[in-house]
Each structure stands twice: as structure tokens, then as C-alpha cells.
Amino acid sequence: NITASLINNNPSKDATWRKPAQHNHPNDIMKFSIVALTGLVSSATAFAPSSFIGSRSVHHRASASTSSLDMKYKVAVVGGGPSGACAAEIFAQEKNIDTVLFERKLDNAKPCGGAIPLCMVGEFDLPESVVDRKVRRMNLVSPTGKEVSIGSTLQPDEYIGMCRREILDKYIRDRAIEYGAECVNGLVTSIDVPEQHKVNEEPYTVHYQEYQEGTSVGVPKTMQVDYIVGGDGANSRVAKAMDAGLYNFAIAFQERIKIPDEKMEFYEEMAEMYVGDDVSPDFYGWVFPKYDHVGVGTGTVVNRPAIKQYQKAIRDRAGDKIAGGKIIKVEAHPIPEHYRPRRIQGRIALVGDAAGYVTKCSGEGIYFAAKSGRMAAEEIVKLMKGGTRLPSQAEVEETYLKKYDKAYGPTYAVLDVLQKVFYSSNGAREAFVELCDSKYVQQVTFDSYLYKRVQGNNPIDDLKLLGDTIGCLIKGYSGAKPDAVFSNPVESQKRI
């Protein structure tokens, strides 16, 4: 396990002819992100399980009739986070499709900044009970300690939601179960992929360990399914089975810290973001408020072995604001840095982190995970035409992938450029913080993040911003200390 080692080692098939699905037993579970900003346009987001817990056993639905006319196609959604749960609830609403949702750990708390944009609350019909804090101010701190407070452009009813993933993920997953998805509390260990799965409809065989409450030992089982959606994160078993290819990744590290009530008052509606090569050579450190504690963390791609060193630095930078706090949980997880080379193979599709849908610069993934899961499922359900056929790889590529890339591809591209420009050195980081003092920058940034729409396009203000950017970069480089030199030529080449 790459994450663990880094932490431990360093400070058209006709339904009439459908064969019954088979299984092996008779009973059928960062990022908030404050954006980093663009010279002309900006679209940003937040860095960044558990669910249905109960003693009842899960039953895998068998066919309703021995008549082949009543057989249903079975879709397996692997992963019960936002991407998988949002996909499962769409499939489950199509009653002519059997939907099975696999989640290995129903009380999982994924290490994540936990920020979600305002538009997600309405678009995904989320209750306010899943939002721990409504952040309306963001404190940015430069390498030299200069602070800029942003948020004055927000309206009274606008905010960035801060969530705990174990609460958010459980809510969406339980809703999918209410719609009719069967939830298997189990770990998918491998998938048998038929050699000709791109041209025929031979079922996939999913191998998994099913867990019962009160025991950590799984029972080996198998299940045959007709379509698979992989929403099982950066270490995706689905991606491996379908030969999706590898991607570069960051390590995100976070400590949940319970601080005294009087200190928690500072973070009532406030989040903090620290930049500097001491907290990360290519990302940022954060202090995000949760229900009754703060999440303090950082991340890096280029120097993963030093993650614990950077974590100590962010604690030191926060200083008295979190002094006297008790660490109640330590979390770490890989975060993808770009799309998988192949996101669809035959009748297998990837969504969320498994597909690589995390933005550069801000590290946001929650909204894009949920959105990709929903978009993929909606397109696949349409193509299945009431459960009467299975879609081809080309059909899903022409619908789900094309629509997703058209909607969000520019956002990934812009934020990739911004990360390269503003997180490359301490001089650039100083310039970034100074630029964020601009009301125009704040307005464009927050509007783009909160509503996932490209904002700005005021030619005069954009031209002025370009000039300000150049000026801030010159000023920042003139007074900044050099970045620390590091080298990890072997580990830096690892991919997952």
C-alpha cells in the first residue's frame, strides 16, 4: 500500500435471449478549495464515507421469474462514495435494471478537506444536516506570513459547505438504497473480464469478500453482472481489471484536531489556506472547520516521502490558533492528478477519483465525483432503453465521456496551468496571495466555484488583472526566499 508505506517510513443483446444472472449463494451493499484563480477566468473547488450500517443481511435479488422474458440486466456499482452512490441511485430508479452497490467500509471517513460548492446542495438535493459549517470567509497566508481575507463579495445566503465524508457519503448511499439498490458490505478483490467483452455480452464475474457486522473476516463470494461502474477511488480494483492505465498521484494527509471551544469560535465561518514550500512544494496546507473540530492537512505530488514533514509545518504555521488541540484522527489517501488513459472499456466505466476527476491547484473532487457518477448512469440508463439492451463502449464514450469532457475539460486545463504558475515557487505564491486581495478576483473566483460556471469576461477588468498579475509576480519573486531543494528520483516515478 503506497499510502501506508509513505506514512510509516517518513518523519445489443435482446432481453428475450437474456440468460439469468448467477451468483454463488442463494440470497442475493481538498477539496475546498479555494480556487487559485485565473488571469482571465477561473473555475475552482475543494480538496479532498459511511453509510448504511445495520445488522440485517443483504440479499442478492434472484430473477423474478423462470421465464427469460422477465430476466433483468444487473449493474454492479463498485464504491459507495459520492461517485458510486450517485450512479447507484440513478440505476436503482430504473426498475428493469437490478442494481448492486459494493462498499467495503460502511463507516469509512475518507481523508478529505470536505468542501462542497453551493450549487451541489441544490443540484443533489442535500439537506443542511450534511453540512457541518458554512464558510463565508477564507484566510490566505503567504510564505512570508502576509494574510489576505477573502469573502466580502459573497451574498448573505452564499457559502461553501464543509462536510465530513462519513456523513455526506452515507446520506447519498442510503438514498440509493431507498430507491432499490442492493448494498453489499464487501471488498471487491478481482473481476473476471471475458476476452471478447467489447463485442459480446458474456457477463463479468465479480469476486468479493462480504463482511458481516461484528467481524473483520470476509466471506469469499462471486456474482455475475452485465455492466460495471467503477467508483472505487484512486486505488481502483475496477480500473486495474479493465486495464485503464496508470496515473500520477498526490498524497493527501490530514489530522482531525479537537481544539478548545474558544479557539473553535475563530473557525465558525472561517477556513484557512497556507502556501509556501515549507507546507508543500506544489500544493497548499489547510485548516478547515468541521462539526466540532478542525481538519488540518496538506498534500504533495512531487515530494511524497516528505509528507509528514509538511504536515508538521502546517501545524506550526497555524500555531496558536490550534494550540492545545488533541489529534483525534489521522488520515492519508492518494489523490489522482489527471484522467486515466482509458475510462471506458467494453461494458465497464469509471467515475470519480477512479477516473481521475480531481482538479489541479485546488484539489477538488467531491462535486466532480458526484456529477460524473450521475452523468454516467443517466447516459447508460438511456442507452439501455428500459433495460432491454446493453450499451456498447462506443455509445457510452459518445454520450457520457463526450458530455463530461465538454462541460468540465476546460476547468481541469485552466487549473492545471494555474497550479504550474502559482505553486511553482515562493515568489509565485506571494503573488497569488496578493492577487487575491482584489475584489474582482474574489468575485470571479467565488462565483466560478460556487456555481460551476465560468465567470468574468469583463474585458477591462480582465486586462487590468493581467497587468496586476505580472506586477505581483515581479514583486513576489523579488522578495521571496528560495525554495528548498529535494530529490526523490525513484519514488517520484511511481504511478497507480
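Mapping to my numbering: the sequence shown position 143 is 194, numbers consecutive.
Ideal placement from N, C-alpha and C gives every residue a C-beta, glycine not left out.
Beta carbon of residue i nearer than 8 angstroms to that of residue j
| i | j | result |
| --- | --- | --- |
| residue 394 | residue 400 | yes |
| residue 482 | residue 386 | no |
| residue 223 | residue 163 | no |
| residue 142 | residue 129 | no |
| residue 423 | residue 402 | yes |
| residue 411 | residue 455 | no |
| residue 215 | residue 183 | yes |
| residue 235 | residue 283 | no |
| residue 166 | residue 213 | yes |
| residue 495 | residue 486 | no |
| residue 364 | residue 232 | no |
| residue 407 | residue 391 | yes |
| residue 185 | residue 151 | no |
| residue 248 | residue 398 | yes |
| residue 255 | residue 237 | no |
| residue 497 | residue 459 | no |
| residue 252 | residue 158 | no |
| residue 366 | residue 347 | yes |
| residue 175 | residue 421 | yes |
| residue 531 | residue 245 | no |
| residue 457 | residue 170 | no |
| residue 289 | residue 405 | yes |
Reduced DSSP category for residue i - H, G, I as helix; E, B as strand; rest coil
| i | result |
| --- | --- |
| residue 300 | strand |
| residue 335 | coil |
| residue 233 | strand |
| residue 323 | strand |
| residue 145 | coil |
| residue 377 | strand |
| residue 355 | helix |
| residue 524 | helix |
| residue 531 | coil |
| residue 135 | helix |
| residue 539 | coil |
| residue 125 | strand |
| residue 365 | helix |
| residue 330 | coil |
| residue 295 | coil |
| residue 307 | strand |
| residue 370 | helix |
| residue 167 | strand |
| residue 157 | coil |
| residue 219 | helix |
| residue 545 | coil |
Chain-order list of residues whose beta-carbon lies under 6 angstroms from that of residue i (same chain, five-residue window excluded)
| i | result |
| --- | --- |
| residue 144 | 230 |
| residue 219 | 181 |
| residue 187 | 202, 205, 210 and 320 |
| residue 369 | 338 |
| residue 323 | 190 and 338 |
| residue 446 | 434 |
| residue 192 | 198 and 325 |
| residue 521 | none |
| residue 382 | 162 and 305 |
| residue 242 | 255, 257 and 292 |
Contact set for residue i: own chain, Cβ-Cβ below 7 angstroms, skip 5 residues either direction
| i | result |
| --- | --- |
| residue 539 | 354 and 356 |
| residue 57 | Legend: pLDDT at residue 57 = 45, less than 50; position of this residue unreliable, no value from coordinates given. |
| residue 546 | 297, 298 and 299 |
Same chain only: Cβ atoms within 8 angstroms of residue i, ignoring 5 sequence neighbours per side
| i | result |
| --- | --- |
| residue 351 | 301, 302, 331, 332, 333, 334, 357, 358 and 361 |
| residue 519 | 486 and 489 |
| residue 544 | none |
ask   = Can you list the beta strand (DSSP E) stretches of 3 or more residues lying completely in the region 170-215, in chain order?
value = 184-186, 188-192, 198-201 and 211-213
ask   = Do the region 301-314 and the region 377-385 make contact, defined as three or more Cβ pairs closer than 8 angstroms?
value = yes
query = Counting Cβ pairs, one atom from each stretch, are 3 or more of them under 8 angstroms apart for the region 275-293 and the region 462-474?
reply = no
inquiry  = When you compare the region 478-495 with the region 526-533, are there three or more beta-carbon pairs, one atom per stretch, that lie closer than 8 angstroms?
reply    = yes
key: Stretch pair the region 289-298 + the region 264-273: three plus CB contacts closer than 8 angstroms   = no
Runs of alpha helix (DSSP H) wholly within the region 444-522 (minimum 4 residues, chain order) = 444-447, 453-473, 477-486 and 490-502
query = Considering only residues of the region 228-279, which uninterrupted alpha helix (DSSP H) runs meet the minimum length of 4 residues and lie entirely inside it, listed in chain order?
reply = none
task = Any chance you could list the beta strand (DSSP E) runs of at least 3 consecutive residues sitting entirely within the region 384-439, in chain order?
result = DSSP runs (the beta strand (DSSP E)) wholly in the region 384-439: 399-401.
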